[in-house]
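Everything below concerns the one structure shown next.
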Amino acid sequence: MQAQANIIAQWHDVCHVDDLVTNSGVCALIGDVQVAIFSVQLDGEENLYAISNWDPIGEANVMSRGIVGTLTDKIVVASPLYKEHYDLATGTCLERDDISVNTYPVRVEHERVLIEL
Amino acid sequence: MNISSRQQRIVIIGNGMVGHHFVEQLINSEHNCHITVLSGESRLAYDRVYLSSYFSGKTAADLALTDEQTYQDWGVNAVTNAWVTDIDRDKQVVTTQSGETYEYDTLVLATGSYPFVPPIPGNDQEHCLVYRTIEDLEAISASAAQSKVGVVVGGGLLGLEAANALKQAGLDTHVVEFAPQLMAVQLDPMGGELLKDKIEALGVQVHTQKATECIEAGETCRYRMKFADGSHLETDLVLFSAGIRPSDQLARQFGLVIGERGGIVIDNQCKTSDKNVYAIGECALWDKKIYGLVAPGYAMARAAVADIIGDEGEFAGFDMSTKLKLMGVEVGSIGDAHGRTPGALSYTYHNQPEGVYKKLVVDANKSLVLGAVLIGDTSDYDTLLQYALNSIALPDSPESLILPSAGEKPLLGADALGDTATICSCHNVSKGDIVGAIDGGCCSVGDVKSSTKAATGCGGCAALLKNVVDSELEKRGVEVSKAICEHFNYSRQELYHLIKVGKIQSFEELLEKHGKGLGCDICKPAAASIFASVWNDYILAKQHQPLQDTNDTYLGNMQKDGTYSIVPRVAGGEITPDKLILLGDVAKRYNLYTKITGGQRIDLFGARVDQLPAIWEELVAGGFETGHAYAKALRTVKSCVGSTWCRYGVQDSVGQAIDLENRYKGLRAPHKIKFAVSGCTRECAEAQGKDIGVIATENGWNLYVCGNGGMKPRHADLFATDLDDATLVKYIDRVLMFYVKTADRLQRTSVWMENLEGGLEYLKSVVIDDSLGICDELETQMQHIADSYQCEWKTTVESPEALKRFRQFVNSDESDSNIQFVSEREQIRPATKAEKFSAGKAIPVELV
Chain A
466 MQAQANIIAQ
476 WHDVCHVDDL
486 VTNSGVCALI
496 GDVQVAIFSV
506 QLDGEENLYA
516 ISNWDPIGEA
526 NVMSRGIVGT
536 LTDKIVVASP
546 LYKEHYDLAT
556 GTCLERDDIS
566 VNTYPVRVEH
576 ERVLIEL
Chain B
191 MNISSRQQRI
201 VIIGNGMVGH
211 HFVEQLINSE
221 HNCHITVLSG
231 ESRLAYDRVY
241 LSSYFSGKTA
251 ADLALTDEQT
261 YQDWGVNAVT
271 NAWVTDIDRD
281 KQVVTTQSGE
291 TYEYDTLVLA
301 TGSYPFVPPI
311 PGNDQEHCLV
321 YRTIEDLEAI
331 SASAAQSKVG
341 VVVGGGLLGL
351 EAANALKQAG
361 LDTHVVEFAP
371 QLMAVQLDPM
381 GGELLKDKIE
391 ALGVQVHTQK
401 ATECIEAGET
411 CRYRMKFADG
421 SHLETDLVLF
431 SAGIRPSDQL
441 ARQFGLVIGE
451 RGGIVIDNQC
461 KTSDKNVYAI
471 GECALWDKKI
481 YGLVAPGYAM
491 ARAAVADIIG
501 DEGEFAGFDM
511 STKLKLMGVE
521 VGSIGDAHGR
531 TPGALSYTYH
541 NQPEGVYKKL
551 VVDANKSLVL
561 GAVLIGDTSD
571 YDTLLQYALN
581 SIALPDSPES
591 LILPSAGEKP
601 LLGADALGDT
611 ATICSCHNVS
621 KGDIVGAIDG
631 GCCSVGDVKS
641 STKAATGCGG
651 CAALLKNVVD
661 SELEKRGVEV
671 SKAICEHFNY
681 SRQELYHLIK
691 VGKIQSFEEL
701 LEKHGKGLGC
711 DICKPAAASI
721 FASVWNDYIL
731 AKQHQPLQDT
741 NDTYLGNMQK
751 DGTYSIVPRV
761 AGGEITPDKL
771 ILLGDVAKRY
781 NLYTKITGGQ
791 RIDLFGARVD
801 QLPAIWEELV
811 AGGFETGHAY
821 AKALRTVKSC
831 VGSTWCRYGV
841 QDSVGQAIDL
851 ENRYKGLRAP
861 HKIKFAVSGC
871 TRECAEAQGK
881 DIGVIATENG
891 WNLYVCGNGG
901 MKPRHADLFA
911 TDLDDATLVK
921 YIDRVLMFYV
931 KTADRLQRTS
941 VWMENLEGGL
951 EYLKSVVIDD
961 SLGICDELET
971 QMQHIADSYQ
981 CEWKTTVESP
991 EALKRFRQFV
1001 NSDESDSNIQ
1011 FVSEREQIRP
1021 ATKAEKFSAG
1031 KAIPVELV
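This is the structure:
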């Protein structure tokens, strides 16, 4: 269930960078919003992405458990339920142009992972 | 019966293979008619070609070609035990023994033939039998149970089949043949001699040039057969298989024209002397010939159907070339095997040490193949047959076609064939039909097979079919990419090889050396599976874990609401009361939905990801191991209760199933693998629908491979018989590892087999004869997997680092509020969307 935050966006400290899993996802709970955070290693650097954990097609909170990878030039996660691919940068579903998921700004400060919501 | 007066009424007398084929063809033609089938037997059509498989465990039901339901669905009125006693050709009515009458516009006689029993005094005694129907087999089986020695009279193709049946029934078996050689119709004397040697080496004694004078009481056995040359042979059972005679009594009685030596005379449309009556199959006489094989019978059925529906098509004789395995001996005969055509020349190749004999008969100009004989090696059969059937011009040195190749053998190119060339003679598929199918959108051998039925009969044309399809696709500029995904330009088999030979241990290394990009949800799990098959590390090790599908990552099966199901291993389906209690206790405390699976295990549903470790800690402590239900790996070995308890069981199927499950548990493969072990031929464990099926026999185990239930069921192939435990395991090791090594990603063994060039025979040559010289490697690899087995859940619950993955949230101990259950039939089930919104109905998730 996607309860959209109606408060003014602010940065939330969610976890230590060691809680992330390289080339995979974890999930954080901010208020009642579930955020899937992916750490993707590209050219030796860790790039972080945050999207909604809600799979709008499978209708379950599972996106953080999908496999990450690339399709042509896009960095994507595949839904673990029905395998649709979502662009981690924009949240758009590659198979269905009428479907997308929320994305959230994410950054690291003093080894802490921050999400803006 | 209310039949529209416009519909043509077609009555078919006889429901053997040919009669049934006629019905099938008529139904496929969608001709507007009403069909009545009158079968004199108590059952509908069954497969007589594989009759001897009745002795290796097949049942009457396995042999059935149709059933009442199918005929009903087709709108065919099929009547069994309907022995026809009268045909009134003027009124066009047939009458059966019970007095029922059937009017017809068109009558089809498919009455078949009966076995010829030579007029030998004493041939009518008990235990003097014939080999034709399932009832005959039952009689043979009953007689064999009280006999030690059995004699088959007749050394033709059918006689040798019958001898095989007696041998399988455990009798000391002899073949008595009047002619100086075996299979005198199909083979030349040299070929017959070699076949005799080979069959004798298999323990069947062959007596040629023996004319039986009488069968009288024996001294050491039940009977003594006395021969014209003064010698004799003692036996308990005599089985006559000395040829067939057409069943033409009805036609005779009611005035149709009959040949001098029997058989209902037909023309090229299969019409008899009455224009409303057709005759097809072994009762019919075409050009003074009776065709005693099923394929020409089918061709007659097709010609008759074509004539009835007003299509073109005729029966113009039939090529009687044949390729078969007699007791494991490969035998092939093409066209003029004896070289009787005036001016015919021949080439022969005889390799005595290896027991191979090949003869090629060509015309006087050495430009056409007229015939051939192949014993011990029929690999050249398909090519030679194509040369013969399609009058393809021979190369300069015709002998090169039968000489052992030094890799130089000229392959018959698909382009050498004309559009009318027959590729599949079982289903009468021409090259033109295949080209048409490709034009119609087929783009693989599999597509063409299902569209045209080519290569789905005896399968002998499979290699040629592939040639034609490949060549046609190539002409159309289709390049079939084998690349697994955009990151690797390799097939799964190639990746397996690269990983194994290159000793590659991680996905990063694989990507760096052979791929591009970051990988994806196709190549990552495929690579993870190969790493597991080759190295068998812990799958949640840091370098492997991000590659796994969610099911493997969390060692459970994700359900639609994001919860997981738990299936502990219950090897062979055997479980103690204490373990049952533990499962019930855990399920009750964690409020899990429980269901018995099809693989004789218990599935616990509704566990949240954060509950999995605690649940498994309890299960592991209670002696359970992971069941790999979440993995592309060995799942279960199903078993029946076997000889320990069952009145019919002949071996301990449960013990065998447990041993097999424990040997192969943890083996990761291109797809899931299921086994079953049955304790007798009743087959209660349904082993013939499994990837690996094992069925107990009196003497050991029969091994079946590459079966499947599910979406596209496939009956498993009988791979080897009467194996001891060690050989059984050896063969399974090799078959499975060869599958793991060569299959495509997510390819079940059934599809793998369908696509394996050379099919079952090839697999046998690799596994049994070690034709590729890789059996040692395959066994070593499997032993490594078995030796390095670990229960992934035990390793996981003991590793704090691994357990971190099982948190729902990295920053909170709360659970997923979307996971809600309601109660149904006294258990939980996921709440529907509507139920989640209607407050109060859903059960809040209990935190344990």
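Quick note, the sequences are listed as chains A and B, same order. Counting from 1 along the first sequence, just add 465 to a position and that's the residue number in our numbering. Counting from 1 along the second sequence, just add 190 to a position and that's the residue number in our numbering. Idealized CB from N, CA, C, for every residue including glycine.
Can you name the residues of chain B whose CB is closer than 9 angstroms to the CB of residue i?
| i | result |
| --- | --- |
| aspartate 484 of chain A | Lys994, Arg997, Val1000 and Asn1001 |
| methionine 517 of chain A | Looking at the sequence provided, one finds serine at residue 517 of chain A rather than methionine. Here the premise fails: no neighbours, minimum Cβ distance about 12 angstroms. |
| threonine 487 of chain A | Lys732 and Pro736 |
Chain B partners of residue i, CB-CB under 8 angstroms?
| i | result |
| --- | --- |
| cysteine 480 of chain A | Val1000 and Asn1001 |
| valine 527 of chain A | Thr740, Met748 and Gly752 |
| alanine 543 of chain A | Cys710 and Asp711 |
| valine 571 of chain A | What valine 571 of chain A touches in chain B: nothing, since even the nearest Cβ is about 13 angstroms away. |
How long is the line joining the alpha carbons of residue i and residue j, rounded to whole angstroms?
| i | j | result |
| --- | --- | --- |
| alanine 401 of chain B | glutamine 971 of chain B | 57 angstroms |
| alanine 992 of chain B | leucine 730 of chain B | 7 angstroms |
| aspartate 739 of chain B | alanine 235 of chain B | 48 angstroms |
| threonine 226 of chain B | tyrosine 292 of chain B | 8 angstroms |
| phenylalanine 999 of chain B | arginine 530 of chain A | 12 angstroms |
| cysteine 1020 of chain B | valine 1012 of chain B | It is worth fixing the name first, because residue 1020 of chain B is proline in this sequence and not cysteine. Distance between the alpha carbons of proline 1020 of chain B and valine 1012 of chain B is about 6 angstroms. |
| glycine 812 of chain B | serine 955 of chain B | 45 angstroms |
| tryptophan 476 of chain B | valine 455 of chain B | 6 angstroms |
| leucine 770 of chain B | histidine 210 of chain B | 51 angstroms |
| alanine 432 of chain B | tyrosine 481 of chain B | 15 angstroms |
| leucine 575 of chain B | alanine 821 of chain B | 46 angstroms |
| glutamate 510 of chain A | isoleucine 540 of chain A | 14 angstroms |
| glycine 597 of chain B | serine 590 of chain B | Its pLDDT being 43, under 50, glycine 597 of chain B is placed unreliably by the model, and the measurement read from it follows with that caveat. Glycine 597 of chain B and serine 590 of chain B: Cα-Cα distance of roughly 11 angstroms. |
| leucine 579 of chain B | alanine 441 of chain B | 34 angstroms |
| threonine 985 of chain B | glutamate 1016 of chain B | 34 angstroms |
| valine 895 of chain B | leucine 908 of chain B | 7 angstroms |
| cysteine 480 of chain A | cysteine 492 of chain A | 10 angstroms |
| glutamine 215 of chain B | alanine 644 of chain B | 16 angstroms |
| proline 521 of chain A | serine 661 of chain B | 46 angstroms |
| glutamate 504 of chain B | isoleucine 498 of chain B | 11 angstroms |
Against residue i, what residues of chain A qualify as contacts under a CB-to-CB distance less than 9 angstroms, listed in chain order?
| i | result |
| --- | --- |
| methionine 901 of chain B | Per Cβ cutoff of 9 angstroms: no residues; methionine 901 of chain B is ~18 angstroms from chain A at best. |
| lysine 862 of chain B | Going along chain A, no residue has its Cβ under 9 angstroms from lysine 862 of chain B, so there is no contact; the nearest lies around 18 angstroms. |
Since residue i meets chain A, which of its residues come closer than 8 angstroms, beta carbon to beta carbon?
| i | result |
| --- | --- |
| glutamate 1004 of chain B | Leu494 |
| glycine 707 of chain B | Gly534 and Thr535 |
I think residue i touches residue j, with their Cβ atoms under 8 angstroms apart; what is that distance to the nearest whole Å?
| i | j | result |
| --- | --- | --- |
| glutamine 499 of chain A | tryptophan 476 of chain A | Contact doesn't hold; Cβ gap of about 17 angstroms is too wide. |
| alanine 334 of chain B | glycine 340 of chain B | 7 angstroms |
| isoleucine 712 of chain B | isoleucine 689 of chain B | About 16 angstroms; that fails the 8 angstroms criterion. |
| valine 840 of chain B | alanine 906 of chain B | Contact doesn't hold; Cβ gap of about 19 angstroms is too wide. |
| glycine 471 of chain B | glycine 302 of chain B | 6 angstroms |
In chain A, which residues lie with their C-beta within 7 angstroms of the C-beta of residue i?
| i | result |
| --- | --- |
| lysine 714 of chain B | Ile532 and Gly534 |
| threonine 743 of chain B | Arg530 |
For residue i, which residues from the same chain have a beta carbon less than 8 angstroms from its beta carbon, with the 5 sequence-adjacent residues on both sides left out?
| i | result |
| --- | --- |
| lysine 656 of chain B | Val635 and Glu947 |
| glutamate 851 of chain B | Arg759, Ala761, Gly762, Leu824, Thr826, Val827 and Phe865 |
| leucine 560 of chain B | Gly525, Asp526, Gly529, Thr531, Ala534, Val551, Val552, Asp553 and Ala578 |
Got a sec? Which residues, its chain only, sit under 7 angstroms from residue i by beta carbon, not counting five neighbours each side?
| i | result |
| --- | --- |
| threonine 834 of chain B | Asp842 and Val844 |
| lysine 864 of chain B | Gly789, Arg825, Thr826, Lys880 and Asp881 |
| glutamine 197 of chain B | Asn222, Cys223 and His224 |
| glycine 897 of chain B | Gln878, Gly879, Lys880, Asp881, Gly883, Arg904, His905, Ala906 and Ser940 |
| glycine 534 of chain A | Val541 |
Below 6 angstroms CB to CB, which residues in the same chain sit around residue i once its five sequence neighbours on both sides are set aside?
| i | result |
| --- | --- |
| alanine 418 of chain B | Ala401 and Glu403 |
| tryptophan 806 of chain B | Trp983 and Val987 |
| arginine 577 of chain A | Asp478 |
| glutamine 395 of chain B | His364 |
| query | Taking three-plus beta-carbon pairs below 8 angstroms as touching, is the region 285-301 of chain B in contact with the region 256-273 of chain B? | reply | The count of Cβ pairs closer than 8 angstroms, one atom from the region 285-301 of chain B and one from the region 256-273 of chain B, reaches three, so the stretches are in contact.
| query | Is it a yes or a no for the region 848-861 of chain B touching the region 960-979 of chain B, going by three-plus beta-carbon pairs under 8 angstroms? | reply | The region 848-861 of chain B, when compared against the region 960-979 of chain B, does touch it at the 8 angstroms Cβ threshold.
| message | Across the region 465-481 of chain B and the region 441-450 of chain B, are there enough close Cβ pairs to call them in contact, namely three or more that are closer than 8 angstroms? | response | They touch, by the three-pair rule.
| message | Under 8 angstroms, with one C-beta from each stretch per pair, do the region 862-872 of chain B and the region 815-832 of chain B reach the 3-pair mark? | response | Pairwise C-beta distances place the region 862-872 of chain B in contact with the region 815-832 of chain B, as three or more of them are shorter than 8 angstroms.
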